[in-house]
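**Q** I have a structure here, written as structure tokens, and I will follow up with some questions on it.
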Amino acid sequence: MYDIKALYEAESIEHAVKLLAEHPEAQIIAGGSDVLVQMREGKRAGKELVSIYGLDEMRGVSFEADGAIRIGSLTSFSHITRDPIIKEHINVLGEAVDMVGGPQIRNIGTIGGNTCNGVTSADSASTLHAWDAVVELTGPNGVRRIPIHDFYIRAGVVDLRPGELQTAIIIPKASYEGYKGHYIKYAMRNAMDIATTGCSVNVKLSSDKMVMEDVRIAYGVAGPVPMRAPQAEEAAKGKTVSGGNVKAFAETVLKDINPRDSWRASKEFRQHIAVVLAERALRESIRLAGGVIDE
Amino acid sequence: MSKQYKLVSCTINGKQVEKMVDVRASLTDMLRDDYRLTSVKKGCEVGECGACNVIIDGECFNSCIYLAVWAEGKEILTLEGLAGPNGEISDIQQAFIDEAAVQCGFCSPGFIMSAVEILEAKREFSDDEIRKLMSGHLCRCTGYENIFRAVKKTMLRRLGKEKEALEV
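Respectively, the protein sequence lines represent chains A and B.
Numbered per our numbering, the first sequence spans residues 9 to 303.
Numbered per our numbering, the second sequence spans residues 3 to 170.
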């Protein structure tokens, strides 16, 4: 038994918004792999819950009219990994969420929950930042869409206003078309572990595959929230594909990131692996995009 | 608070059932307490050890972090559902015995249900893929090698590869 004060089950998105307005103290529960565990720990014990788990309208991956990829917020990690649209256009997202927890967790955990809990280590978050994802929020005043960068306010706090729930994550066409990316999770174990640092990189090469037209990089656990490394991106943009330029890009990330000491790893160690991961992830992204690195 | 109950109808091990369930119950609570399916173990109760693993609509879930009310309309399979018409055990269970993949036995039902999901895919997985698919379980007795061997052998046998199975 869980210490739940009361449970309200939403029957539609509209109904969920209504329930949240009627019960302002209630916590939203999607897959529950964070909320129920925190409840068990006592952190959220005695709370009212609004369950949105039954809302199948918030599951699945599809194209919007303008070619953007729409991922329903309740889509589970395993369904994202197996989805044909994701496989073809943003394979790295499917690979990143395939590193969350273990198989059973990937069947219950949702991409909406992974972003709404606001933690920096979420395996989906760095890749979504690196692909300029847009978050769709539905509330009493209708639907609003904001860049994922603005959605994260500080550690554990996201821009989810009273009565709102996250209904989808959108990857605009301009963000994915022509890009290839790679995610590396550095952790102590291959399963059931949280990233010491995670790094997601993607690149768009010129048609002759010689120039990096655009490079984007984002980290988890390099700061209190998932973050991009803009100075490193600038250092690589427009440069030729070469070992020296990849290395210079990787070393520049230290100007952007701000990791801390924690029981998982020291600041110095995180800085070290951030550089190594940036180099490896960019090398792999270039390879996936059809480029060859001139040593 | 006043107790809150909800009627939950679902299919458990092929049988259509329904019961009034306390909304605070996990699926583990419901399966153990209301249906006496005690293969579903209470281990960590926070989704880490996999002892409570069951198959819901063809996918594995840790029933300890799954609300019982979410079972409405779902098809649930527990270890008890693997038994034949006269109570015979299944090939994967026999393989766990033959390979000494069981010591205390507490993790076994959860492991076996993950193995069932693998076997139901009806294809040959690499060693690394099997390890990854079984990685949501903790076993503190066997050191995993015997469990791995039991799963791999059964997978090969079901694919008609008896000779390869003997070499595992």
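Idealized CB from N, CA, C, for every residue including glycine.
These numbers come from a predicted model, not from an experiment.
1. Considering only C-alpha positions, which residue in the set B:K5, B:M115, B:T156 is nearest to R125 of chain B?
2. Anyone know if the C-beta pair for A70 of chain B and V19 of chain B falls short of 8 angstroms?
3. For a minimum of 4 consecutive residues, which ranges assigned as the alpha helix (DSSP H) are wholly contained in the segment 164-197 of chain A?
4. Residues in the same chain with beta-carbon distance under 7 angstroms from P232 of chain A, minus the five sequence neighbours each way, listed in chain order, please.
5. Pair every Cβ in the segment 180-189 of chain A with every Cβ in the segment 201-219 of chain A, then say whether three or more of these pairs are closer than 8 angstroms.
6. List, in order along the chain, the chain B residues whose C-beta lies closer than 9 angstroms to that of R196 of chain A?
7. For M9 of chain A, which residues in chain B fall below 8 angstroms Cβ to Cβ?
8. Going by the CB atoms, is the gap between D302 of chain A and G246 of chain A shorter than 8 angstroms?
9. Bridge partners for V23 of chain B per DSSP, in chain order?
10. Scan the segment 21-59 of chain A and note each continuous beta strand (DSSP E) run of 3 residues or more that stays entirely inside, going in chain order.
11. Of the choices A:D222, A:V229, A:G228, A:T248, whose alpha-carbon is the least far from that of Q239 of chain A?
12. What residue does the alpha helix (DSSP H) around E164 of chain B start on, and which one ends it?
13. Grab the span of the beta strand (DSSP E) containing V142 of chain A for me, first residue to last.
14. Mind listing which residues of the segment 127-139 of chain B have their C-beta closer than 9 angstroms to chain A's C-betas, in chain order?
15. Run through chain A and tell me which residues come within less than 9 angstroms of N148 of chain B, C-beta to C-beta.
16. Considering only the beta carbon of each residue, do T248 of chain A and V229 of chain A sit closer than 8 angstroms?
17. To which residues does DSSP link T118 of chain A through a beta bridge?
18. Nearest CA to the CA of V23 of chain B: which residue from A:M9, A:I98, A:A29, A:G298?
19. Note down, in chain order, each residue of its chain lying with its Cβ closer than 7 angstroms to the Cβ of T146 of chain A, except the 5 sequence neighbours on either side.
20. Is the segment 272-287 of chain A touching the segment 33-50 of chain B, taking contact as three or more C-beta pairs under 8 angstroms?
21. May I have a chain-ordered list of the alpha helix (DSSP H) segments no shorter than 4 residues that lie completely inside the segment 215-248 of chain A?
22. Out of curiosity, what's the CA-to-CA distance linking F277 of chain A and E164 of chain B?
23. Helix, strand or coil: how does DSSP classify T40 of chain B here?
24. Roughly how many whole angstroms lie between the Cα atoms of C54 of chain B and L29 of chain B?
25. Please check the pair P4 of chain A and A133 of chain A, which I expect to be a contact at CB under 8 angstroms, by giving their CB distance rounded to whole angstroms.
26. To be precise: take each residue of the segment 115-129 of chain A, compare its Cβ to all Cβ atoms of chain B, and keep it if any distance is under 9 angstroms. Which residues remain?
27. So F113 of chain B contacts chain A; which residues on that side make the cut at Cβ distance below 7 angstroms?
28. Answer yes or no: does any C-beta atom of chain A fall closer than 8 angstroms to that of C109 of chain B?
29. Taking the beta carbon of F71 of chain A as the centre, do at least 16 other beta carbons fall within 10 Å, making it buried, or is it exposed?
30. With DSSP as the reference, identify every bridge partner of D14 of chain B, one or two as the case may be.
31. What three-state label does DSSP hand E303 of chain A in the structure shown?
32. Three-state secondary structure (DSSP) at S129 of chain A?
33. Please return the same chain residues whose Cβ sits closer than 7 angstroms to the Cβ of V254 of chain A, not counting the five positions on each side in sequence.
34. Name, please, each residue of chain A whose Cβ falls closer than 9 angstroms to the Cβ of E20 of chain B.
35. What residues of chain A sit near G89 of chain B, judged by a beta carbon separation below 8 angstroms?
36. Apart from the five residues just before and just after M107 of chain A, which ones in its own chain have a Cβ nearer than 6 angstroms to its Cβ?
**A** Inspection of the coordinates gives the following:
1. The count along the second sequence starts at 1 and reaches residue 125 of chain B at position 123. Nearest of B:K5, B:M115, B:T156 to R125 of chain B, Cα basis: B:T156.
2. Working through the second sequence from its first residue, we reach residue 70 of chain B at position 68. Working through the second sequence from its first residue, we reach residue 19 of chain B at position 17. No; because the gap between Cβ atoms is not below 8 angstroms, this pair is not in contact.
3. 181-184
4. Mapped onto the first sequence, residue 232 of chain A falls at position 224. These residues qualify, in order along the chain: T128, R162, A163.
5. yes
6. Residue mapping note: residue 196 of chain A aligns to position 188 of the first sequence, counting from 1. As written in the sequence, residue 196 of chain A is Met, which differs from the Arg given in the question. Chain B residues near M196 of chain A: none, gap ~14 angstroms exceeds 9 angstroms.
7. Here residue 9 of chain A refers to the residue found at position 1 when the first sequence is read from its first residue. By Cβ distance, chain B contributes D24, R26, A27, S28, D31.
8. For the purposes of this step, residue 246 of chain A is taken as residue 238 along the first sequence, with counting starting at 1. For the purposes of this step, residue 302 of chain A is taken as residue 294 along the first sequence, with counting starting at 1. No, these two residues do not count as a Cβ contact at 8 angstroms.
9. Locating residue 23 of chain B in the second sequence gives position 21, counting from the first residue. The partner list for V23 of chain B (beta bridge, DSSP) reads B:K8.
10. 35-37, 55-59
11. Start at 1 with the first residue of the first sequence, and residue 239 of chain A comes out as number 231. Of the candidates A:D222, A:V229, A:G228, A:T248, the one whose C-alpha sits nearest the C-alpha of Q239 of chain A is A:D222.
12. For the purposes of this step, residue 164 of chain B is identified with residue 162 of the second sequence, where counting begins at 1. It spans 164-169 - the alpha helix (DSSP H) in which E164 of chain B sits, taken as one unbroken run.
13. Your numbering for residue 142 of chain A matches position 134 in the first sequence. Start and end: 142-147.
14. So the list reads R133, K134, L135, M136, S137, G138, H139, given in the order they occur along the chain.
15. Translated into the one-based positions of the second sequence, residue 148 of chain B becomes position 146. Going along chain A, no residue has its Cβ under 9 angstroms from N148 of chain B, so there is no contact; the nearest lies around 19 angstroms.
16. Locating residue 248 of chain A in the first sequence gives position 240, counting from the first residue. Locating residue 229 of chain A in the first sequence gives position 221, counting from the first residue. No, they are not a contact pair.
17. Position 110 of the first sequence holds residue 118 of chain A. Beta-bridge partners assigned by DSSP to T118 of chain A: A:S84.
18. As a first step, residue 23 of chain B must be located in the second sequence, where it is residue number 21. Nearest option by C-alpha distance: A:M9.
19. Locating residue 146 of chain A in the first sequence gives position 138, counting from the first residue. Excluding positions up to five away in sequence, the list reads I21, V25, E172, L173, T175.
20. no
21. 238-244
22. Residue 277 of chain A sits at position 269 when you count from the first residue of the first sequence. Residue 164 of chain B sits at position 162 when you count from the first residue of the second sequence. Near 49 angstroms, if we compare the C-alpha coordinates of E164 of chain B and F277 of chain A.
23. Working through the second sequence from its first residue, we reach residue 40 of chain B at position 38. T40 of chain B falls in the coil class under three-state DSSP.
24. To locate residue 54 of chain B, count along the second sequence from 1; it is residue 52. To locate residue 29 of chain B, count along the second sequence from 1; it is residue 27. Going by the C-alpha atoms only, they are around 9 angstroms apart.
25. Because residue 4 of chain A is not part of the residues shown, which for chain A are 9 to 303, the question remains open.
26. N115, I116
27. In the second sequence, counting from the first residue as 1, residue 113 of chain B sits at position 111. Result: empty, since nearest Cβ-Cβ is about 12 angstroms, beyond 7 angstroms.
28. By 1-based counting over the second sequence, the position of residue 109 of chain B is 107. No, C109 of chain B lies away from the interface with chain A (no Cβ there is under 8 angstroms from its Cβ).
29. If you number the first sequence from 1, residue 71 of chain A lands on position 63. Around the beta carbon of F71 of chain A, fewer than 16 other beta carbons sit within 10 angstroms, so the residue counts as exposed.
30. Counted from its first residue, the second sequence places residue 14 of chain B at position 12. Here the sequence assigns Ile to residue 14 of chain B, which means Asp is not the residue at that position. Beta-bridge partners of I14 of chain B (DSSP): B:K17, B:I78.
31. Within the first sequence, numbered from 1, the residue matching residue 303 of chain A stands at position 295. If DSSP states are grouped into helix, strand and coil, E303 of chain A belongs with coil.
32. Residue 129 of chain A sits at position 121 when you count from the first residue of the first sequence. S129 of chain A falls in the coil class under three-state DSSP.
33. Taking the first residue of the first sequence as position 1, residue 254 of chain A is located at position 246. Result list for V254 of chain A: E287, L290, R291, I301, in chain order.
34. In the second sequence, counting from the first residue as 1, residue 20 of chain B sits at position 18. Chain A residues near E20 of chain B: none, gap ~17 angstroms exceeds 9 angstroms.
35. On the second sequence, position 87 is the one that residue 89 of chain B refers to. For a Cβ distance threshold of 8 angstroms, nothing in chain A lies close to G89 of chain B: the least Cβ distance comes to about 28 angstroms.
36. One-based indexing of the first sequence puts residue 107 of chain A at position 99. Same-chain partners within the cutoff: D131, K193.
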